[in-house]
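Have a look at the structure below, then the notes.
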Amino acid sequence: MPQFVLPANRTQWDSAETIHKIQGKSLRAWPDLRSGSKVSIEQFLLSRVLCPPRRGPSQLVNGQFGITPALLTRAKNLLQMIPSYQLYLQNIGGNNWADPALGPFGPVLRLQAEIRAGWAKGGGKQTDEDTVNAAFIELLSALTSLVPTTDSWWRTTKRRLTFTGLRNGYVAITDGQFEVKATEEIRTPIECKGREREKLNARITMQEVAELVAWVKEYPDARISPPVRFRPLAGQCGQEIFLESLEYGQDWIKYIRQGQKAGNSFANLHSYGPYDMNKVSDMRLLAPVIVAMSY
Numbered sequence: 001m002p003q004f005v006l007p008a009n010r011t012q013w014d015s016a017e018t019i020h021k022i023q024g025k026s027l028r029a030w031p032d033l034r035s036g037s038k039v040s041i042e043q044f045l046l047s048r049v050l051c052p053p054r055r056g057p058s059q060l061v062n063g064q065f066g067i068t069p070a071l072l073t074r075a076k077n078l079l080q081m082i083p084s085y086q087l088y089l090q091n092i093g094g095n096n097w098a099d100p101a102l103g104p105f106g107p108v109l110r111l112q113a114e115i116r117a118g119w120a121k122g123g124g125k126q127t128d129e130d131t132v133n134a135a136f137i138e139l140l141s142a143l144t145s146l147v148p149t150t151d152s153w154w155r156t157t158k159r160r161l162t163f164t165g166l167r168n169g170y171v172a173i174t175d176g177q178f179e180v181k182a183t184e185e186i187r188t189p190i191e192c193k194g195r196e197r198e199k200l201n202a203r204i205t206m207q208e209v210a211e212l213v214a215w216v217k218e219y220p221d222a223r224i225s226p227p228v229r230f231r232p233l234a235g236q237c238g239q240e241i242f243l244e245s246l247e248y249g250q251d252w253i254k255y256i257r258q259g260q261k262a263g264n265s266f267a268n269l270h271s272y273g274p275y276d277m278n279k280v281s282d283m284r285l286l287a288p289v290i291v292a293m294s295y
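Per full-length UniProt numbering, residue 1 is the first one in the sequence shown, and the count goes up by one each step.
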């Protein structure tokens with residue numbers, strides 16, 4: 001059986017709809033809704049989310065993550081003035097994590113060294129998922145800690161997101177999230193894997209889509225929202241970091257909530273990466289994005 005290819009556009013989705021015999025079906029009425037980690041191809045397709053080709057780190061569209069040019073400039077200027085961050089860049093890929101001058105970046109380097117050790121063991125391109133998850137949240141937390149006025153934090157506590165259909169539903173569980181401290185409102189969910197992403201990209205993307213769809217369904221946008229909306233997701237697979245943003249409008253919302261297929265009832269998942277945790281150039285691109293998201 002040929003490997004499933006994520007539909008990048010409407011033509012490819014229409015073809016997949018025919019192959020998998022889901023014409024006239026909707027996600028909310030689908031009888032076989034499965035948990036986010038076990039989502040079927042049919043369930044994924046019925047989410048009506050298109051997956052354009054991934055773009056590289058330097059091609060990230062900041063507006064899809066709520067980042068204005070002014071915010072990005074502010075973040076870059078801040079990072080230039082932080083000695084601990086500059087020292088972190090100098091020590092990326094090494095084993096010098098005990099220097100007190102590294103501040104919050106010391107634990108980041110230690111956990112990243114653990115990932116490299118697990119990756120190298122036996123020559124397999126995988127390591128312990130919990131270590132990857134811990135390292136990623138430690139990195140994100142270190143960067144956000146540089147913004148003293150932030151009202152949010154990166155948490156390791158997993159959140160259950162529920163999609164409720166007509167007769168059943170499914171639950172997707174995050175690997176942590178960026179959330180507002182006072183209200184626990186989710187700003188960015190996290191999804192991590194111990195393995196290299198490429199060979200499992202379709203399966204991982206399907207799980208991420210299930211998570212994002214459940215998030216949108218359970219926690220609707222404000223009554224007055226822009227016509228084009230975005231929900232971000234951040235993740236790390238092995239040594240590589242990815243940023244994603246779900247782009248959608250009111251027509252897709254009506255489909256998810258009511259099963260209506262009028263207008264443009266599709267969403268798009270924009271994916272960026274990989275940001276290699278061992279490459280200084282990639283971390284220089286990632287860091288200001290995370291800091292800007294923290295304001």
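Just so you know, even glycine gets a beta-carbon here, dropped at the ideal spot from N, CA and C.
- Contact between E211 and G36 holds, with the beta-carbon distance rounding to 5 Å and staying under 8 Å.
- In this structure, DSSP gives P69 a helical state, which the three-state scheme calls helix.
- Minimum Cα-Cα distance from L45 among the listed residues Y255, I67, E17, L33 corresponds to E17.
- Contact check between the stretch 264–272 and the stretch 230–247: three or more CB pairs, one atom from each, fall below 8 Å, which counts as touching.
- By the Cβ-count criterion, V5 is exposed, with fewer than 16 other Cβ atoms from all chains shown falling within 10 Å of its own Cβ.
- Between L143 and V291, the gap from beta carbon to beta carbon is short of 8 Å.
- Closest option to E129, judged by alpha-carbon separation, among G176, M81, P7: G176.
- If you check the CB distance, F136 and Q23 do not come in under 8 Å.
- Taking C-beta atoms as the reference points, Y295 and T183 fail to come closer than 8 Å.
- Of the residues R10, M293, S58, the one whose Cα lies closest to the Cα of R187 is M293.
- Only residues of its own chain outside the window of five on either side were considered, and among them G249, D251, W252 have a CB closer than 8 Å to the CB of N264, listed in chain order.
- E185 is classed as exposed because its beta carbon has fewer than 16 other beta carbons within 10 Å across all chains shown.
- DSSP places Q177 in the strand class (E or B) of the three-state scheme.
- Within the same chain, and ignoring the five residues on either side of P7 in sequence, the residues whose Cβ sits closer than 7 Å to its Cβ are W13, A16, L50, C51.
- In its chain, beyond the 5 residues on either side, T127, T131, V132, A135, G238, Q239, M277 have a beta carbon closer than 8 Å to the beta carbon of I115.
- Nearest to V209 by C-alpha distance, out of N62, K261, R34, L60, is R34.
- Closest option to A113, judged by alpha-carbon separation, among K254, A101, N96: N96.
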